[in-house]
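Chains as they are written, first to last, in my numbering: chain S, 1 to 325; chain L, 1001 to 1373. Ideal Cβ placement from N, Cα and C applies to all residues, glycine included. Scroll down for the structure; my scribbles are underneath it.
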Amino acid sequence: MATDNILEVRNMVKHYPIKAGVFQHTVGHVKSVDGVSFNIGRGKTFGLVGESGCGKTTIGRTLLRLTEPTSGEAILNGKDIFKMKKRELKEMRPHVQMIFQDPYSSLDPRMPVGEIIGEAVKEHNIVSKADYRDYVLNIMEDCGLRTYYIDRYPHEFSGGQRQRICIARALALNPSLIVADEPVSALDVSIQAQVINLMRDLQEKRNLSYLFISHDLSVVEYISDVVGVMYLGNLVEMAPKKELFKNPQHPYTKALLSAVPIPDPDVKMKRIILEGDIPSPANPPSGCKFHTRCPYAKPICKEKVPEFKDYGNDHQIACHLMDEK
Amino acid sequence: MKEIKALNKKMYKKFNQEKKRNNVPESEYVTEMRNPQNIVEFDNLKTYFYTDQGTVKAVDGVTFEIPMGKTIGIVGESGCGKSVTSLSLMRLLQGPQGQISGGEIRYNRDEQPVDIAKVPVKLMQKIRGNEISMIFQEPMTSLNPVFTIGDQLSEILKLHNPDMDKKDMEERVIELLRLVGIVRDGISDSYPHELSGGMKQRVVIAMALACNPRLIIADEPTTALDVTIQAQILDLLRNLKDKINASIMLITHDLGVVAEMADYVVVMYAGRVVEQGTAQDIFHNPAHPYTVGLMKSRPVLNEEIGRLYSIPGNVPNPINMPSHCYFKNRCEKGVEKICGGEYPPMIDLSETHKVACYRCNEAVQEGGEADGN
């Protein structure tokens, strides 16, 4: 394992069984994540983009073992998360924390803020009892929450402040990796900026690594170092941020980028409009999964699954068209 | 609180009595358009919610117009009153708390212009869905799960054209589905759960188009959709507008969507219009500090920025709004001496461009950013 990577994911697979009939036997699988590999560097941000249903949230949840993986490995600090026993898992938990999408439903309405943030601190014995309150106050200050909020309840806060509480809760365990699943999607534009800035500041201060999951390409471009684009359970393109956004190669990435509206009425972009919808992951198309919507599809795309290969500059792409160039 | 409750009860009663009257004289609601080229003119519209905690002035003196055949974009953050403005126009406010308490909404009807705020319920039923229709934000929840989409589409046709026969109706349903690009065998017999999010939104658009409306209100039509599907839907809306020659009132918080679709833009903040103008005016020379802040706080694709600008602070509490400019406490150009006074009036910057700010003519000071909470 390279020393500068905090997490290495190899060939992660997660299939959900589809059950039917009186005896609930398995009739098929929803292939949510179908063989995904990536690394997250220490103190870096890996951005994961894709449409809804492409499996990006499943990756985040599987990494924390909130759902059990089907196969693959995820190596954190030399240990495979997917092979850990219960006790090891508990030891691992403080190192990997999660921030959820909806700050309204992810906070217990009957717990005061101090307890929300401190509950896991007590559970994992992060600090001694004498220092406990100071520790929580310190974390709150770091996240831009006033210290007198400690006894208030979640309903007294706005969306942006709630998301700050969620971040404080994750941060309280001193994690090295935070999985942020659409952390700003539910917030207003001006509040989004505050939360994103906070996440960046904390990253610098504590050398955090993020797995940043989002469908919003402009936010991902802003915060990430490396970006992976997912389609139907597979990565189709992965590259350092600049390379990916300046020089997108996969037809899906190109379409995705061109679909983002630009706030300038005079820019009339040539838009690539994809036909149809994302196919069902229970019954994905043969060969390259994107061939049903791809404007450049060739006969080979229907038959053979393209390899996910490095084409220089750390730019990995899974597309048959690349080999023809 | 008890006093407020008692007062509110009186208010509800008064509004209800007015609503229940049977023969409202025409003179009460027939008006004149200020400009016959407009389809709708909002004039000092005030929509208040009389809650037990106090009166929430959700829309407080909004004035703008929608020209015929144009798209007007209304931008603002949640709670700024953009949805309430559109619900007032449809007269779909949640009663008895929500009431139009003042101002006019002049609608340029074919026969004669009327004031929507005062139109009797019977006439409103003829206008709503027929002449003005609405596309809602969530296609998942705005369709009825127990009826086929064919049934739901023909329901509107039945309601507004009682003498249409069955065969015509079926043909019209197919025509509508063709218009929104999802026609295929047996589609009108399918239920909403059998369709994807993008297709459901197309069905909702088809419903809005069913009676050839003159104005379509699209309330966050693409917020719940993926970017690639959003591009499809925006493309569809743009083409349809030209095909049926309607105006669109597009409500969104996404500046990118507005820039792409709208001819005119209205920026709202805390129940008031802070800036309005053509899309070029707003995007090339934004004058209000709020508009400027809103634009700077969004990362733009392929543009490098050091740190995101963030508007400090939060939207003020809608009960007990201050008497000075609502944006003063979050504004980096705010000066106590000038901005502490009355709420600023609308200032004309050019023929089309208007802004409500005392200090809009002075250059924006860069920097000075702070993370509030």
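Check, Outcome
"Going by beta carbon distance, what residues of the same chain come within less than 7 Å of Met322 (chain S), once the five residues before and after it are set aside?", "Gln249, Tyr311"
"Of the residues L:Ile1127, L:Gly1079, L:Met1169, which one's Cα is nearest the Cα of Tyr1107 (chain L)?", "L:Ile1127"
"Can you find a heavy atom of the ligand COA that lies under 6 Å from the Cβ of Val1266 (chain L)?", "Among the components modelled here there is no ligand, and therefore nothing to report on the ligand COA."
"By the criterion of Cβ-Cβ separation under 7 Å, what are the contact partners of Ile1311 (chain L) in chain S?", "Ser190"
"Rounded to whole angstroms, what is the Cα-Cα separation between Asn1373 (chain L) and Tyr1269 (chain L)?", "Reliability of the predicted coordinates at Asn1373 (chain L) is poor, the pLDDT of 37 falling under 50, and the value obtained from them is presented with this limitation in mind. Approximately 18 Å, taken between the alpha carbons."
"Using beta-carbon positions only, say whether Arg1359 (chain L) and Lys1333 (chain L) come within less than 7 Å of one another.", "yes"
"Report yes or no: do the segment 1230-1237 of chain L and the segment 257-271 of chain S share at least 3 C-beta pairs separated by less than 8 Å?", "yes"
"Just the Cα atoms here: how many angstroms apart are Ala1224 (chain L) and Asp277 (chain S)?", "15 Å"
"If you drop the 5 nearest sequence neighbours on each side, which residues of the same chain put their C-beta closer than 7 Å to that of Phe1283 (chain L)?", "Ala1259"
"I'd like to check one pair, Pro284 (chain S) with Leu208 (chain S): are the Cβ atoms closer than 7 Å?", "no"
"Would Ala1224 (chain L) count as contacting chain S if we go by Cβ distances under 7 Å?", "no"
"Chain L beta carbons: is any one of them nearer than 7 Å to that of Phe245 (chain S)?", "yes"
"According to DSSP, is Phe82 (chain S) helix, strand or coil?", "helix"
"Let me make sure I understand the geometry here. Which of S:Ile81, S:Ile196, S:Lys241 has the alpha-carbon closest to that of Leu1301 (chain L)?", "S:Lys241"
"Could you check what DSSP says for Met1346 (chain L) in three-state terms: helix, strand or coil?", "coil"
"Using the beta-carbon of each residue, which ones in chain S are nearer than 7 Å to Pro1299 (chain L)?", "Ser218, Val219, Glu221, Tyr222"
"If contact is defined by three or more beta carbon pairs under 8 Å, each pair taking one atom from either stretch, is the segment 1198-1216 of chain L in contact with the segment 1118-1133 of chain L?", "yes"
"Consider the Cβ of Gln101 (chain S): report whether some Cβ of chain L lies at a distance smaller than 7 Å.", "no"
"With a threshold of 8 Å on Cβ separation, who are the neighbours of Glu303 (chain S) within its own chain once the five nearest residues in sequence on each side are excluded?", "Ser286, Gly287"
"Any chance you could list the alpha helix (DSSP H) runs of at least 4 consecutive residues sitting entirely within the segment 107-173 of chain S, in chain order?", "113-123, 132-142, 159-171"
"Is it buried or exposed for Leu274 (chain S), if we count other Cβ within 10 angstroms and need 16 for buried?", "buried"
"When we look at the beta-carbon of Ser1083 (chain L) and count the other beta-carbons within 10 Å, is it buried (16 or more) or exposed?", "buried"
"Whose C-beta lies closer than 6 Å to the C-beta of Pro1289 (chain L) among residues of the same chain, with five residues either side of it excluded?", "Cys1331, Lys1333"
"Thinking Val1204 (chain L) and Phe1136 (chain L) are a contact (beta carbons under 8 Å), I'd like their distance in whole angstroms, please.", "7 Å"
"Applying the criterion that 16 or more other CB atoms from any shown protein chain within 10 Å of the CB defines a buried residue, is Lys86 (chain S) buried or exposed?", "exposed"
"How many angstroms separate the CA atom of Pro154 (chain S) from the CA atom of Ala168 (chain S)?", "13 Å"
"Quick check for students: name the residue ranges of the alpha helix (DSSP H) that lie wholly in the segment 1139-1199 of chain L, counting only runs of 4 or more.", "1149-1160, 1166-1179"
"Taking the alpha-carbon positions, what's the Ala1287 (chain L) to Glu1275 (chain L) distance?", "8 Å"
"Rounded to the nearest angstrom, what separates Leu1236 (chain L) and Gly1103 (chain L) at their Cα positions?", "34 Å"
"For a contact meaning CB atoms closer than 7 Å, what does Asp264 (chain S) contact in chain L?", "Ala1259, Phe1283"
"Identify the contact partners of Asn1314 (chain L) in chain S, using a Cβ-Cβ distance below 7 Å as the criterion.", "Ser158"
"Would Met1134 (chain L) and Ser1154 (chain L) qualify as a contact pair, given that the criterion is a beta-carbon distance under 7 Å?", "no"
"Any C-beta of chain L sitting closer than 7 Å to the C-beta of Val30 (chain S)?", "no"
"Using 10 angstroms around the beta-carbon of Ala130 (chain S), count the other beta-carbons present and answer buried if the total reaches 16, otherwise exposed.", "exposed"
"Verify the CB distance criterion: does Ile300 (chain S) have a CB-CB separation below 7 Å to chain L?", "no"
"Does any CB atom of chain L fall closer than 7 Å to the CB of Ile126 (chain S)?", "no"
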